[in-house]
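S.K.: Last residue of the sequence shown: number 217 in the numbering used here, and the count goes up by one each step with no gaps. Below is a structure I'd like to ask you about.
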Amino acid sequence: MSISTVITAAGKNSRMRKDQISRGIELTNKLILPFEGKTVIETTIDNALSSNIDECIVVLGHYSNEIKEAIFDNYKDDVKFIINNPVDVGLSTSLFNGLSNIDSDFALCITADQPTVSTQTFNKLIEVSQNSDNPYETISILRRRKTGLLDTAEGLGMPFVAPRENLMRYLENEDDNLNPILRKIFDDGYTFYGIKEKNEKELLNINHYDDYLKLLD
């Protein structure tokens, strides 16, 4: 069964920009801040490309020119970039647009501001999905509370592995955050399996400048 990864990198960056303004720091999109000798988004992409996937899609939107200028030349041969049109859409629409540009049976869905999620964890998500009793009705997801077979989808988000076509049916005509959609999928009887993080930093997204500093520490 084929699997592609979709990395969403289309957000407004509003919380980070607000923090940078309040600190008197030069405005820089969080995804191109330096991280481990690269940028945040490059680290996320590299971790994904090193996992057991067949292709990688990056979905851009707000600040697409800024992000592409910083990284395009390094990834033009390995990553397919698409841009939301219109730009001002929710996360679910960004993910749907990415899924619409792949042909794989399954998708590893990631947000670009998760540079600390390791290749090892991505591969574990893929492994659990593909080895489940019914991969087409299973969501393998980085845990937020419990691990193993989950009894709720509350608080969950990316990264996760899901069957592409089934996930697209839930995302179509939605323009929302992902958690309400994941809860709907759970209520429809899909199996959710929570994967334990390699370390606590894997559970942290970079939303605020303090999040970024914490991951650098």
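Using N, Cα and C, we set each Cβ at its ideal position, and we do this for glycine too.
Put E55 into one of helix, strand or coil per three-state DSSP.
M.R.: Here residue 55 is taken as the residue at index 55 of the sequence shown, counted from 1. Reduced to three states, the DSSP call for E55 is strand.
S.K.: By DSSP, does G194 sit in helix, in strand, or in coil?
M.R.: Residue mapping note: residue 194 aligns to position 194 of the sequence shown, counting from 1. Correct three-state label for G194: strand.
S.K.: In whole angstroms, give me the CA-to-CA distance for D78 and R145.
M.R.: For this step, residue 78 is matched to residue 78 along the sequence shown. For this step, residue 145 is matched to residue 145 along the sequence shown. Cα to Cα, the separation comes out at about 34 angstroms.
S.K.: Opposite T116 in the DSSP bridges: which residues?
M.R.: The sequence position of residue 116 within the sequence shown is 116, counting from 1. BP columns for T116 are empty, so no partner.
S.K.: Using the beta-carbon count (16 or more within 10 Å), is N84 buried or exposed?
M.R.: Sequence index remark: in the sequence shown, residue 84 carries index 84 (1-based). That one is buried.
S.K.: Tell me the DSSP bridge mates of V6?
M.R.: Taking the first residue of the sequence shown as 1, we reach residue 6 at position 6. Its beta-bridge partners are I57 and C109.
S.K.: Count the other CB atoms within 10 Å of the CB of E197; is the residue buried (16 or more) or exposed (fewer)?
M.R.: As a working note, residue 197 is residue 197 in the sequence shown. Classification of E197: buried, given that the 10 Å Cβ count is 16 or more.
S.K.: Which ranges would you report for the alpha helix (DSSP H) in the segment 130 to 183 if only whole runs of at least 4 residues count?
M.R.: Within the segment 130 to 183, the complete alpha helix (DSSP H) runs of at least 4 residues are 164 to 171.
S.K.: May I ask which residues mark the beginning and end of the beta strand (DSSP E) holding K80?
M.R.: For the purposes of this step, residue 80 is taken as the residue at position 80 of the sequence shown. Run containing K80: K80 to I83, per the beta strand (DSSP E) assignment.
S.K.: With contact counted as at least three CB pairs below 8 angstroms, one residue from each stretch, are the segment 117 to 134 and the segment 22 to 32 in contact?
M.R.: The segment 117 to 134 is not in contact with the segment 22 to 32.
S.K.: May I ask which residues mark the beginning and end of the alpha helix (DSSP H) holding V89?
M.R.: Taking the sequence shown and counting its residues from 1, the one referred to as residue 89 is at position 89. Taken as a continuous stretch (DSSP letters only), V89 belongs to no alpha helix (DSSP H), as it is neither H nor E.
S.K.: Rounded to whole angstroms, what's the CA-CA distance from K200 to M1? Just pull it up for me.
M.R.: Position 200 of the sequence shown holds residue 200. Position 1 of the sequence shown holds residue 1. Contrary to the premise, residue 200 reads as Glu rather than Lys in this sequence. E200 and M1: Cα-Cα distance of roughly 31 angstroms.
S.K.: My assumption, with CB atoms under 8 angstroms, is that V59 sits in contact with A10. Please give the rounded CB distance.
M.R.: Working through the sequence shown from its first residue, we reach residue 59 at position 59. Working through the sequence shown from its first residue, we reach residue 10 at position 10. 5 angstroms between Cβ atoms; contact.
S.K.: What is the rounded straight-line gap between the Cα of T116 and the Cα of I206?
M.R.: Along the sequence shown, read from residue 1 onward, the residue named residue 116 stands at position 116. Along the sequence shown, read from residue 1 onward, the residue named residue 206 stands at position 206. So the two alpha carbons sit approximately 10 angstroms from each other.
S.K.: Assuming I53 and A112 form a contact by the criterion Cβ under 8 angstroms, report the distance between their Cβ atoms to the nearest whole angstrom.
M.R.: Counted from its first residue, the sequence shown places residue 53 at position 53. Counted from its first residue, the sequence shown places residue 112 at position 112. No, I53 and A112 are not in contact; Cβ-Cβ is about 15 angstroms, not under 8 angstroms.
S.K.: With a Cβ-Cβ cutoff of 7 angstroms, do S92 and D176 count as a contact?
M.R.: One-based indexing of the sequence shown puts residue 92 at position 92. One-based indexing of the sequence shown puts residue 176 at position 176. Yes, these two residues count as a Cβ contact at 7 angstroms.
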